[in-house]
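Participant: Just so you know, the protein sequences line up as chains S and B, in that order. Position in the first sequence (from 1) plus 4 gives the number in the working numbering. Position in the second sequence (from 1) plus 206 gives the number in the working numbering. Supplied in structure tokens, the structure appears directly below.
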Amino acid sequence: MIRKPSLLARFIYYAILIIACIVAFYPMWFAILASGRPGDRLYALDLPSMFFPTEWTWENYRHMLFDDLLLTWMLNSLKVASITTIAALVVSTSAAFALSRFRFRGRGFFLIFMLGIQAFPGLLSLVAIAQVLTAMGLYANHIGLVLAYTTGVLVFATWNLKGYFDTIPIDLEEAGMIDGATPLQSFILIALPLAKPALAVTALLAFLVGWGDFIFASVLVPAPDELKLAVPALYQLANELAVPWGHFAAGAVIILIPTLIVFLYLQRYLQGGLTLGGVKG
Amino acid sequence: MVGWSGRKKFFTILAFTFPVIIGILIFNVYPMILNSYISFTDKNKFKPNPDCEFVLNDLLVPLCWDVFKENAPVGLGKPFTVAEPWYKNYQTLVGDLFSIDAVMALLTIGVCLVPLFGASVIDKRLERQESRSVPSIVIWLAAIVLGILLAALLNIFAAYDTLMRTGDFFVVVFRTIMFVILRVPLSFAIGLILAIILDNKYIIGRNFFRVVLFIPWAASSVAILMALVWQFFFRQQGTINQLLATFGVQGPVWLQDPIYAFGIVILVDVWFSYPFFMLAIGGALTSIPTEVYEAAEVDGASWWNQLRNITLPLIRPAILPAIVLTSITAFQMFGTVWALTQGGPIQGAGQPGSTEFVMVYAYRQIFQTSNHGLATAFAVIVFVFLFGATLYSLRVTRITEGAYE
């Protein structure tokens, strides 16, 4: 593993990598090809056009963006996911700070208790959550969805940020303490600016929860069309009887590309294991 | 020192953690309690609203509270109340598992697994000896042979059949566990191979490969759309069969065949999850000092020996948490299988389909048959499973180590 691999070994390595890359990328490429194929065909008819764009039209994109509701759906998703992110961060950052900096009775219990709660899968609490939201009059409403997502993200965000606060040396805050800083000042003026990277990563991951979710969105906001979120709306589009495949593919590509970019940007943070405890594959 | 100690400290902590506590109480703890309560009622499509005359309903179900009363849907069938008998849903789900036949069958399967546990105990003990007399592969092979012999002797298939007839619960959980057992090692192996190759600094374009190979995991945040694309590949007229047709082979209807469908769900979920392992293992590999390998080279250790005796043991602490967490998420996998098969193909009316895993089963119970009582009871049982798994994972991952210091 340290000496230069032999020619044969390198050949095998590159072969594995290239095959893996094709497998990793082809589904995405397939969606891109289908999105530009004229005539609403999902599949290519001949071998070359299964791999290369032999014909191309922007009609599907035009339709999805201007004639269909895709932009509304994406705006809905954007709205719900952003509010979720902000709410979750505001609520969990201060708690994470307190859990990291103070020692108090019940702290260990609280931390473990949160993880135990996390073991209750969101899908399974859906009956109860739907009941609560119906009672509050928030069914088929974006606010209800935001509430549901926010609590789904809370535990993960708190743990993640607490872990990061733990790694920030306490010296700075001790210096501040001696100068008479209150906990609130120390939190806002010292710890928060230092935790920016963790805040950014946590925010992005929280955002993706709302952005990519299917179950909650499809159940809690089943109708009307204008209120739907992008992912469930597109999924429903693909399950209609006469499916406009080109439209679906174009919509999927429009949703996937920004998601991919965000994730590829996140990759460098994830590599360090910053969020290993919270992110699962 | 204002607020850092004494009575002020208490209020500071309270102020900092109050929002989280409230959020968790209202939207995590309370739904769990309500969920457990509903699991003892006969709530279903025809009985959507609570019978507020009943004390527990009045106490626990928000639709009975005066503040929310006007939000209750009206004119929808009869009210629901506690089931008759109160454990009816649980009886429907797992009742048959406690019959004498089923317990015997479970015991039979347990007995067949005993050699494997024995092997792991013996192997651990031998590990501590300075020069081990028997290599571990011999012990494990012996255990496996013994296990198979026992299985043949005790007629494990009959036991399996008995258990499969005890109802949906065993079928669904068993299939889900099979799925986890097959999927996790597979993504681990692929992730390991790719991470080791990419760790080699003589490979040109490592960053490019890393980014491209990372795409599936990026796509997994909108898993349901990407899994739909995979479903297109495996349709009867799909891409795979088109490719096969160019070689003159008539492809099968992949997703209508129970075995193929199961395999395809595993394949696609491996596709989604191997980058996570690739990333985690890659991170762990960079932390191994190269001197260790240099020393091994000098001693003439083969590639395989280096992998087995240096790489794997050294990345173990970093990888174990990843494996445990992945297993728990794999157990709860929903989007991939929903987009691919919706739990099908179905072999008989009223039976779970062959890829109907835990979450799919719950989803179908809730939204297709609207059998809320049964679904919530199922949720409670699955929660007990997952809670145990989470506690175990905490021990393994030591994620909570900092919590007590």
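Glycine included, C-beta positions come from ideal geometry on N, C-alpha and C. Quick caveat: nothing in here was measured; it's all calculated off a predicted structure.
For the candidate residues M484(B), P321(B), F438(B), whose alpha-carbon lies nearest to that of L392(B)?
Facilitator: Here residue 392(B) refers to the residue found at position 186 when the second sequence is read from its first residue. It is M484(B).
Participant: Taking Cβ-Cβ distances below 8 Å as the criterion, which residues of the region 436-468 of chain B are in contact with chain S?
Facilitator: Per Cβ criterion, the list reads W436, F438, F439, Q443, G444, T445, Q448, L449, T452.
Participant: Please tell me whether G216(S) has its Cβ less than 8 Å away from any Cβ of chain B.
Facilitator: In the first sequence, the residue the question calls residue 216(S) occupies position 212. So yes, G216(S) belongs to the interface.
Participant: Taking 8 Å as the threshold (beta carbon to beta carbon), is Y17(S) in contact with chain B?
Facilitator: Walking along the first sequence from the start, residue 17(S) turns up at place 13. By this cut-off, Y17(S) is an interface position.
Participant: At a CB distance below 7 Å, what residues from the region 29-55 of chain S approach chain B? Give them in sequence order.
Facilitator: Here the close residues are F29, P31, M32, F34, A35, L46, Y47, L51, M54.
Participant: Does any C-beta atom of chain S lie closer than 8 Å to the C-beta of Q538(B)?
Facilitator: Looking up residue 538(B) in the second sequence gives position 332. Output row for Q538(B): interface = yes.
Participant: If I follow the unbroken alpha helix (DSSP H) through F106(S), where does it start and stop?
Facilitator: One-based indexing of the first sequence puts residue 106(S) at position 102. Taken as a continuous stretch (DSSP letters only), F106(S) belongs to no alpha helix (DSSP H), as it is neither H nor E.
Participant: Is there a Cβ from chain S that is less than 8 Å from the Cβ of P237(B)?
Facilitator: Taking the first residue of the second sequence as position 1, residue 237(B) is located at position 31. Cβ-Cβ to chain S under 8 Å: yes for P237(B).
Participant: Is it buried or exposed for I387(B), if we count other Cβ within 10 angstroms and need 16 for buried?
Facilitator: Here residue 387(B) is taken as the residue at index 181 of the second sequence, counted from 1. The residue in question, I387(B), is exposed, as its Cβ has fewer than 16 Cβ neighbours within 10 Å.
Participant: Between Y293(B) and chain S, is the shortest Cβ-Cβ distance under 8 Å, so that the two count as touching?
Facilitator: Translated into the one-based positions of the second sequence, residue 293(B) becomes position 87. For Y293(B), the answer is no, since every Cβ of chain S falls outside 8 Å of its Cβ.
Participant: Taking the C-alpha atoms as reference points, what is the distance between V589(B) and G120(S)?
Facilitator: If you number the second sequence from 1, residue 589(B) lands on position 383. If you number the first sequence from 1, residue 120(S) lands on position 116. Before going further, note that residue 589(B) is Phe rather than Val in the sequence given. Computed Cα separation, rounded: 10 Å.
Participant: Taking 8 Å as the CB-CB cut-off, is I219(S) touching chain C?
Facilitator: Chain labels in this structure do not include chain C; the protein chains are S and B.
Participant: Keeping to the same chain, check which residues put their C-beta closer than 6 Å to that of P236(S); ignore five residues upstream and five downstream.
Facilitator: Start at 1 with the first residue of the first sequence, and residue 236(S) comes out as number 232. Closer than 6 Å at Cβ, skipping near neighbours: F218, A221, S222.
Participant: Excluding five sequence neighbours on each side, which residues of the same chain lie with their C-beta closer than 8 Å to the C-beta of A429(B)?
Facilitator: On the second sequence, residue 429(B) is found 223 positions in, with the first residue counted as 1. Closer than 8 Å at Cβ, skipping near neighbours: F478, G541, T542, A545.
Participant: Do V267(B) and L231(B) have their CB atoms nearer than 8 Å?
Facilitator: Along the second sequence, read from residue 1 onward, the residue named residue 267(B) stands at position 61. Along the second sequence, read from residue 1 onward, the residue named residue 231(B) stands at position 25. Going by C-beta atoms, V267(B) is not nearer than 8 Å to L231(B).
Participant: Quick one: what does DSSP say N243(S) is sitting in, helix, strand or coil?
Facilitator: Here residue 243(S) corresponds to residue number 239 of the first sequence, with the count starting at 1. Coil, per DSSP.
Participant: Are the C-beta of V695(B) and some C-beta of chain S separated by less than 8 Å?
Facilitator: Chain B is shown only over 207 to 611; residue 695(B) falls outside these bounds and no answer can be derived.
Participant: Check the Cβ-Cβ distances between V288(B) and every residue of chain S, and say whether any is below 8 Å.
Facilitator: The residue labelled residue 288(B) in the question sits at position 82 within the second sequence. Closer than 8 Å: no.
Participant: Helix, strand or coil for F274(B)? Go by DSSP, reduced to three states.
Facilitator: Counted from its first residue, the second sequence places residue 274(B) at position 68. Note: F274(B) maps to coil in three-state DSSP.
Participant: Need the endpoints of the alpha helix (DSSP H) that F573(B) sits in, please.
Facilitator: Start at 1 with the first residue of the second sequence, and residue 573(B) comes out as number 367. Element bounds for F573(B): 564-573.
Participant: Rounded to the nearest angstrom, what separates T186(S) and T206(S) at their Cα positions?
Facilitator: The count along the first sequence starts at 1 and reaches residue 186(S) at position 182. The count along the first sequence starts at 1 and reaches residue 206(S) at position 202. Each residue's alpha carbon lies about 26 Å from the other.
Participant: Could you tell me the boundaries of the alpha helix (DSSP H) in which V327(B) lies?
Facilitator: In the second sequence, the residue the question calls residue 327(B) occupies position 121. From DSSP, the alpha helix (DSSP H) with V327(B) extends over 306-334.
Participant: What whole-angstrom Cβ distance do F191(S) and F106(S) have, given they're in contact under 8 Å?
Facilitator: Walking along the first sequence from the start, residue 191(S) turns up at place 187. Walking along the first sequence from the start, residue 106(S) turns up at place 102. Actually they are not in contact, since the Cβ atoms of F191(S) and F106(S) sit about 11 Å apart, beyond 8 Å.
Participant: Taking the C-alpha atoms as reference points, what is the distance between Q374(B) and V226(B)?
Facilitator: Counting from one through the second sequence, the residue named residue 374(B) turns up at place 168. Counting from one through the second sequence, the residue named residue 226(B) turns up at place 20. Checking the displayed sequence, the identity of residue 374(B) turns out to be Asp instead of Gln. In a straight line, the C-alpha of D374(B) is about 38 Å away from that of V226(B).
Participant: I want to see whether chain S comes within less than 8 Å of S508(B), judged by CB atoms only; does it?
Facilitator: For the purposes of this step, residue 508(B) is taken as residue 302 along the second sequence, with counting starting at 1. No, S508(B) lies away from the interface with chain S (no Cβ there is under 8 Å from its Cβ).
Participant: So, A254(S) versus Y65(S), is the Cβ gap smaller than 8 Å?
Facilitator: Position 250 of the first sequence holds residue 254(S). Position 61 of the first sequence holds residue 65(S). A contact, by the Cβ cut-off of 8 Å.
Participant: For A199(S), which residues in the same chain have their Cβ closer than 6 Å to its Cβ, ignoring the five residues on either side in sequence?
Facilitator: Within the first sequence, the letter at position 195 stands for residue 199(S). Cβ within range, chain order: Y168.
Participant: Below 8 Å on C-beta distance, what does F101(S) contact in chain B?
Facilitator: Position 97 of the first sequence, counting from 1, holds the residue named residue 101(S). Ordered by position in chain B, the residues that pass the 8 Å Cβ test against F101(S) are F222.
Participant: Could you tell me which chain S residues have their CB closer than 8 Å to the CB of L312(B), listed as they occur along the chain?
Facilitator: Within the second sequence, numbered from 1, the residue matching residue 312(B) stands at position 106. What L312(B) touches in chain S: nothing, since even the nearest Cβ is about 24 Å away.
Participant: Against chain B, with Cβ distances strictly below 8 Å, would I121(S) count as a contact?
Facilitator: One-based indexing of the first sequence puts residue 121(S) at position 117. Yes - at least one Cβ of chain B is within 8 Å of the one on I121(S).
Participant: Helix, strand or coil, according to DSSP, for N250(B) in the structure here?
Facilitator: The residue given as residue 250(B) occupies position 44 in the second sequence. N250(B) falls in the strand class under three-state DSSP.
Participant: For G411(B), count the other beta carbons within 10 Å of its own beta carbon; 16 or more makes it buried, fewer makes it exposed. Which is it?
Facilitator: Walking along the second sequence from the start, residue 411(B) turns up at place 205. The residue in question, G411(B), is exposed, as its Cβ has fewer than 16 Cβ neighbours within 10 Å.
Participant: Strictly under 8 Å for the Cβ-Cβ distance: is G620(B) near chain S by that measure?
Facilitator: No answer is possible for residue 620(B): it lies beyond the span of chain B, which begins at 207 and ends at 611.
Participant: When Cβ atoms are compared, which residues of the region 133-147 of chain S fall closer than 7 Å to chain B?
Facilitator: Those residues of the region 133-147 of chain S that come within reach of chain B (Cβ to Cβ, closer than 7 Å) are I133, Q135, V136, T138, A139, M140, G141.
Participant: With DSSP as the reference, label V455(B) as helix, strand or coil.
Facilitator: Position 249 of the second sequence holds residue 455(B). Three-state result, V455(B): coil.
Participant: Secondary structure at F286(B), three-state DSSP: helix, strand or coil?
Facilitator: Counted from its first residue, the second sequence places residue 286(B) at position 80. Strand.
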